[in-house]
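J.:
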Amino acid sequence: MKRWIKNIIILCVVCLIGVTAAIWVNVVNKEEVSGETIGINIVPVNSFVTEQDSEDNQNINFNREIKNIVCWGDSITYGLGSGEAFIENEDGIIDASDWAYTDALAYYSGMNVYNLGVCGETSYDIALRQGGIKMYIGKSVTVKPGKKVRVSIVNADGDGVSLENFNGYETNNAQVDNLVYVDDVLYQLSFSKGGVYISLYEDTTRSVKIKKGAEVVTKAAHDMSADVLIIEMGSNGGWDEYDELISQYKAMIANSGTQCYIIIGDTDNPDEAIDSENYNSSKEVGLNDTLWEAALREAFGDHFINMRTYLMQNALDITGKEANETDIENLLDGRVPDSIKYDYTHLNGYGYYAYGVGVYEKGVELGYW
């Protein structure tokens, strides 16, 4: 089948989803709806790029200052499932193999982009790691040079906390494990027989007393100063109510010290997401917001991007992939196309590339780059 024919089919499919979802909402709520369908706005990948760096063939916006973009999240931010991906656009072939969305964002924005995704983390873990939810020393201790001393690390309620790696980075990185700052002094945590121990990391001849209530800061949170904050989290739990998740987001934003931020919605299909009990099928939702997405949109307005519907509408066109029969069935069923997914929740290299373009476009809309 010729590609232009398939594109027409996709356009019809997506429009049909909007109509189907609108009808379903009318039946369930017994309210009149306007009958309007959700339009498709497919933006060319390079539509916001201003100039090209001839030396390294990278697309960089020279009209904006270089900023630090810090991206916190779970395995989706990390890029789990990415693989081979070759993207053809007006500049030639882009080898986006093994890219996370942050790589595509760096490619198009020309900014310093830092990936702080850690696989398997809950929203609570991510907020704890970033510093939005605070960690404290639970009992005063004196740390002597070359010695370890047992310590308790607690949250504001006095409950013990734990992280896979207290340095705040994913474990497979070049950072030394479990480095934290307390009162701007660098320490290393270690674990033995169910206890947590702290030691001075840098050579010193002086003992240091750490008072109860001193804040414990992961090395990642200490190192990263964000001009633009980007957060993706929630699909692994760590919250019970939407308001609880929103409060975690707001705590992270407040801790970052910037009001330039982007909140990315979950990409799981509605009937497979963490709040899937609200839906019998993804077709019920289609291109409308889920309850979760609606809550985030209400809380954060234009700072929120519904990445699930963005990928449904744009990913195949952005990546230059032709829709196969399964993709068309997915779209008819209100689902993200399988062609850009690694498994039911993670994306592949093409999916992460399109995801990064979506975040880039949201940043352009907000005037961040």
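9 is the number of the first residue of the sequence shown in our numbering; add one for each residue after it.
Think of the CB as a built atom: it goes at the ideal place given N, C-alpha and C, for glycine as much as any other residue.
Return the Cβ separation of Cys127 and Leu88 in integer angstroms, given the expectation that the two are a contact with Cβ distance under 8 Å.
T.: At roughly 6 Å, the Cβ-Cβ gap stays under 8 Å, so Cys127 and Leu88 are in contact.
J.: Touch check for the segment 198-211 and the segment 229-241: three-plus C-beta pairs under 8 Å?
T.: The answer is no - the segment 229-241 does not touch the segment 198-211, with fewer than three Cβ pairs under 8 Å.
J.: Should Pro153 be labelled buried (16 or more other beta-carbon atoms within 10 Å of its own) or exposed?
T.: Per the 10 Å Cβ criterion, exposed.
J.: Could you compute how far the alpha carbon of Asp111 sits from the alpha carbon of Ala164?
T.: C-alpha separation (whole angstroms): 35 Å.
J.: Counting pairs of beta carbons, one from the segment 352-363 and one from the segment 90-105, are three or more of them closer than 8 Å?
T.: Output reads yes: the segment 90-105 touches the segment 352-363.
J.: Quick one: residues in its chain with C-beta nearer than 6 Å to the C-beta of Lys217, no 5 flanking neighbours on either side, listed in chain order?
T.: So the list reads Thr150, once near-sequence residues are dropped.
J.: Sorted by chain position, which residues of the same chain lie with C-beta nearer than 7 Å to Phe174's C-beta, five sequence neighbours on each side aside?
T.: Within the same chain, Phe174 has close Cβ partners Asn186, Val188, Leu197, Thr226.
J.: Output the distance between the C-alpha atoms of Glu178 and Leu124, rounded to the nearest integer angstrom.
T.: Distance between the alpha carbons of Glu178 and Leu124: 7 Å.
J.: Compare the Cα-Cα distances from Ile270 to each of Lys370, Gly328, Met119, Trp107 and report the closest residue.
T.: Answer by Cα proximity: Lys370.
J.: Between Glu252 and Met260, what straight-line distance do the alpha-carbon atoms span, to the nearest angstrom?
T.: Between Glu252 and Met260, the C-alpha separation is close to 13 Å.
J.: In whole angstroms, what separates the C-alpha of Thr130 from that of Met241?
T.: Cα to Cα, the separation comes out at about 7 Å.
J.: Considering only their Cβ atoms, is the gap separating Ile326 from Ile272 smaller than 9 Å?
T.: Cβ distance not < 9 Å, so Ile272 and Ile326 don't count as in contact.
J.: Would you check if the distance between the CB atom of Tyr368 and the CB atom of Leu113 is smaller than 9 Å?
T.: Yes.
J.: Return helix, strand or coil for Met232, following the three-state DSSP convention.
T.: Reduced to three states, the DSSP call for Met232 is coil.
J.: Do Gly328 and Ile161 have their C-beta atoms within less than 9 Å of each other?
T.: Against a cut-off of 9 Å, the Cβ pair of Ile161 and Gly328 comes out as no contact.
J.: Between the C-alpha atoms of Gly81 and Arg343, what's the straight-line distance to the nearest angstrom?
T.: So the alpha carbons of these two residues sit roughly 22 Å apart.
J.: To the nearest angstrom, how far is it from the Cα of Glu98 to the Cα of Gly246?
T.: Looking at the two C-alpha atoms, the distance is approximately 43 Å.
J.: Tell me whether the beta-carbon of Val190 lies closer than 9 Å to the beta-carbon of Ala228.
T.: No, these two residues do not count as a Cβ contact at 9 Å.
J.: When DSSP builds the beta bridges, which residues end up paired with Ser198?
T.: Looking at the DSSP assignment, Ser198 forms a beta bridge with Tyr205.
J.: From Thr307 to Ile254, what distance separates their C-alpha atoms?
T.: A quick correction: the sequence has Ala, not Thr, at residue 307. Distance between the alpha carbons of Ala307 and Ile254 is about 7 Å.
J.: Quick check: Ile206 and Val157, are their CB atoms within less than 9 Å of each other?
T.: Contact flag set, yes.
J.: Taking all protein chains shown into account, decide if Gly265 is buried (16 or more other Cβ within 10 angstroms of its Cβ) or exposed.
T.: Exposed, by the Cβ-count rule.
J.: Quick check: the Cα distance between Asn296 and Thr212, rounded to an integer number of angstroms?
T.: C-alpha separation (whole angstroms): 59 Å.
J.: So, are the CB atoms of Gly366 and Ile282 less than 9 Å apart?
T.: In this structure, Ile282 does not lie closer than 9 Å to Gly366 by Cβ.
J.: By alpha-carbon positions, which one of Asn181, His230, Ile145 ends up nearest to Asp192?
T.: Among Asn181, His230, Ile145, the Cα nearest to that of Asp192 belongs to His230.
J.: So, with DSSP's three-state summary, where would you put Met241?
T.: Coil, per DSSP.
J.: Which of the three DSSP states is assigned to Gly371 in this structure?
T.: In this structure, Gly371 counts as helix in the three-state DSSP scheme.
J.: Taking the straight line between their C-alpha atoms, what separation do you get for Ile78 and His354?
T.: Looking at the sequence itself, residue 78 is Val, so the reference to Ile does not match. Computed Cα separation, rounded: 21 Å.
J.: In terms of residues, what are the limits of the alpha helix (DSSP H) holding Asp351?
T.: That residue, Asp351, is in no alpha helix (DSSP H); it is neither H nor E in DSSP.
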